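Novice: Have a look at this one.
Number of protein chains: 2
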Amino acid sequence: MNQKIMTEINQLVADTRNIIVCSVDEKGYPNAKAMFKTVHDDLKSFYFSTNTSSMRTQQFMKNSQASLYFCGNEEINGLMLIGEMKVLTDSAIKQQFWQEGWKIFYPKGVNDPDYCILQFTAKQGHYYHALQKHNFDIE
Amino acid sequence: MNQKIMTEINQLVADTRNIIVCSVDEKGYPNAKAMFKTVHDDLKSFYFSTNTSSMRTQQFMKNSQASLYFCGNEEINGLMLIGEMKVLTDSAIKQQFWQEGWKIFYPKGVNDPDYCILQFTAKQGHYYHALQKHNFDIE
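Read top to bottom, the protein sequences are chains A and B. Heads up: the first sequence begins at 1 in the numbering used here, then just goes up one per residue. Heads up: the second sequence begins at 1 in the numbering used here, then just goes up one per residue.
Now the structure itself:
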């Protein structure tokens with residue numbers, strides 16, 4: 001992967017506010033939902049906060065196969081990361097990510113059993129731009 | 001489905017330039033790619049032009065399970081349509097959708113075997129807005 005393309009990819013991730021999170025439902029259909037970008041470690045790990053009872057979380061509990069999609073605004077450029085999604089319910093992790101104001105989503109606060117963290121770990125990246133495709137492994 | 005919500009949904013579709021098209025790859029991972037919105041029939045059918053040789057088309061030839069995602073810009077609102085994607089290679093259909101300037105994508109013109117039409121047929125819709133979820137069937 002050349003440095004110019006990697007700079008473009010990192011800029012796309014930096015500019016993205018809502019990441020499209022993809023799962024596979026019980027009938028085998030691909031599902032998608034926009035989720036706020038929060039903490040991430042380069043292209044390797046991305047974290048999302050969500051409801052444990054949500055359709056998406058329930059799907060990931062049964063099938064961890066996942067992808068994230070970052071959509072450029074100006075033209076058809078996009079980054080897809082393929083990997084696995086873990087559902088984290090550990091109290092220390094939940095504390096670490098908790099933000100003020102989240103009681104609107106999780107009325108019982110940081111220990112609300114309906115609050116959990118999704119941790120995505122990327123294995124492969126696919127970047128499209130200017131009719132060109134760049135595939136790369138993520139280690 | 002109340003009329004106000006349906007009006008919101010139709011407005012979101014009208015405002016969307018790039019639709020996120022989701023497939024399932026050979027290893028079972030959900031895949032996503034932004035594609036230009038072109039012709040559609042209400043929420044029922046959406047058409048896309050693409051390369052027959054593309055990764056996405058090849059996936060749909062093996063597995064028609066698909067979804068489309070329409071992402072609102074201002075806030076977390078989004079529409080997911082679940083359904084089936086057909087790959088159409090019939091000459092009359094290809095002629096019907098062909099647009100001037102597409103030789104940049106399909107050098108051999110309208111009969112280029114690498115030019116095909118994807119036809120998505122929706123079965124179900126899921127609309128998220130203001131922390132509320134609206135599920136509906138599409139007939």
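Ideal Cβ placement from N, Cα and C applies to all residues, glycine included. As the structure is a prediction and not an experimental result, all values here were calculated from the model.
#1: Using a Cβ-Cβ cutoff of 9 Å, what residues of the region 22-44 of chain B are near chain A? List them in chain order.
#2: Contact defined as beta carbons within less than 8 Å: I believe PHE97/B pairs with VAL39/B. What is the distance between those atoms, to the nearest angstrom?
#3: Using C-beta distances below 8 Å, list every residue in its chain close to ILE5/B, excluding the 5 sequence neighbours before and after it, in chain order.
#4: Can you pull the chain B residues whose beta carbon is under 7 Å from the beta carbon of SER67/A, in chain order?
#5: Are the beta-carbon atoms of CYS22/B and ASN10/B separated by less than 8 Å?
#6: Would GLY101/A count as contacting chain B if we go by Cβ distances under 8 Å?
#7: In chain A, which residues lie with their C-beta within 8 Å of the C-beta of GLY76/B?
#8: Using the Cβ count rule (16 or more neighbours within 10 Å means buried), how would you classify ALA66/B?
#9: Which bits of chain A does MET85/B rub up against, with CB to CB less than 8 Å?
#10: For LEU81/A and LEU118/A, which I take to be in contact (beta-carbon distance under 8 Å), what is that distance rounded to the nearest angstrom?
#11: Counting only beta-carbon separations shorter than 8 Å, does ILE9/A have a partner in chain B?
#12: Mind pulling the chain B residues with CB within less than 9 Å of MET80/A?
#13: Quick one: which chain A residues come within Cβ less than 8 Å of CYS71/B?
#14: I'd like the list of long-range same chain contacts for GLU84/B, defined as Cβ closer than 8 Å, with 5 residues on each side in sequence excluded.
#15: Around the C-beta of ALA92/B, are 16 or more other C-beta atoms found within 10 angstroms, so that it is buried, or is it exposed?
#16: Can you list, in chain order, the residues of its chain with a C-beta nearer than 8 Å to that of THR16/B? Leave out the 5 residues immediately preceding and following it.
#17: With the cut-off set at 8 Å, would you say ASN18/A and ILE76/B are in Cβ contact?
#18: Exposed or buried, GLY125/B, counting other C-beta atoms within 10 Å across all chains shown (16 or more means buried)?
#19: Extract the residue ranges of the alpha helix (DSSP H) inside the region 42-103 of chain B, only unbroken runs of 4 or more that lie entirely within it.
Specialist: Quick look at the numbers:
#1: CYS22, SER23, VAL24, ASP25, LYS27, GLY28, TYR29, PRO30, ASN31, ALA32, LYS33, ALA34, MET35 and PHE36
#2: Taking the first residue of the second sequence as position 1, residue 97/B is located at position 97. Taking the first residue of the second sequence as position 1, residue 39/B is located at position 39. Yes, PHE97/B and VAL39/B are in contact; Cβ-Cβ is about 7 Å, under 8 Å.
#3: Along the second sequence, read from residue 1 onward, the residue named residue 5/B stands at position 5. Excluding positions up to five away in sequence, the list reads TYR127, HIS129 and HIS134.
#4: By 1-based counting over the first sequence, the position of residue 67/A is 67. In chain order: TYR29, PRO30, ASN31 and ALA32.
#5: Stepping through the second sequence from its first residue, residue 22/B is reached at position 22. Stepping through the second sequence from its first residue, residue 10/B is reached at position 10. For CYS22/B and ASN10/B, no; Cβs fall outside 8 Å.
#6: Here residue 101/A is taken as the residue at index 101 of the first sequence, counted from 1. No, because no Cβ of chain B sits closer than 8 Å to the Cβ of GLY101/A.
#7: Taking the first residue of the second sequence as 1, we reach residue 76/B at position 76. Just to set this straight, residue 76/B is Ile in the shown sequence, not Gly. Those are ASN18, ALA34, MET35 and PHE36, listed as they occur along chain A.
#8: Numbered from 1 along the second sequence, position 66 holds the residue referred to as residue 66/B. Burial call: buried.
#9: As a position in the second sequence, residue 85/B is number 85, starting the count at 1. Within chain A, no residue comes near MET85/B; the closest Cβ sits about 10 Å away, beyond 8 Å.
#10: By 1-based counting over the first sequence, the position of residue 81/A is 81. By 1-based counting over the first sequence, the position of residue 118/A is 118. Contact flag wrong, Cβ pair sits at about 14 Å.
#11: The residue you call residue 9/A lines up with position 9 of the first sequence. So, not an interface residue.
#12: Locating residue 80/A in the first sequence gives position 80, where the first residue counts as 1. Result: ASN31, ALA32 and LYS33.
#13: Along the second sequence, one-based indexing puts residue 71/B at 71. The contacting residues are ASN18, ILE20, ALA34 and CYS71.
#14: Numbered from its first residue, the second sequence carries residue 84/B at position 84. Answer for GLU84/B: SER64, GLN65, ALA66, PHE120, THR121 and LYS123, listed in chain order.
#15: Numbered from its first residue, the second sequence carries residue 92/B at position 92. ALA92/B comes out exposed.
#16: Position 16 of the second sequence holds residue 16/B. Here the set comprises LYS37, PHE70 and CYS71.
#17: Within the first sequence, numbered from 1, the residue matching residue 18/A stands at position 18. Within the second sequence, numbered from 1, the residue matching residue 76/B stands at position 76. In contact: ASN18/A and ILE76/B (Cβ atoms closer than 8 Å).
#18: Translated into the one-based positions of the second sequence, residue 125/B becomes position 125. Label assigned to GLY125/B: buried.
#19: List check, alpha helix (DSSP H) in window: 55-62 and 91-97.
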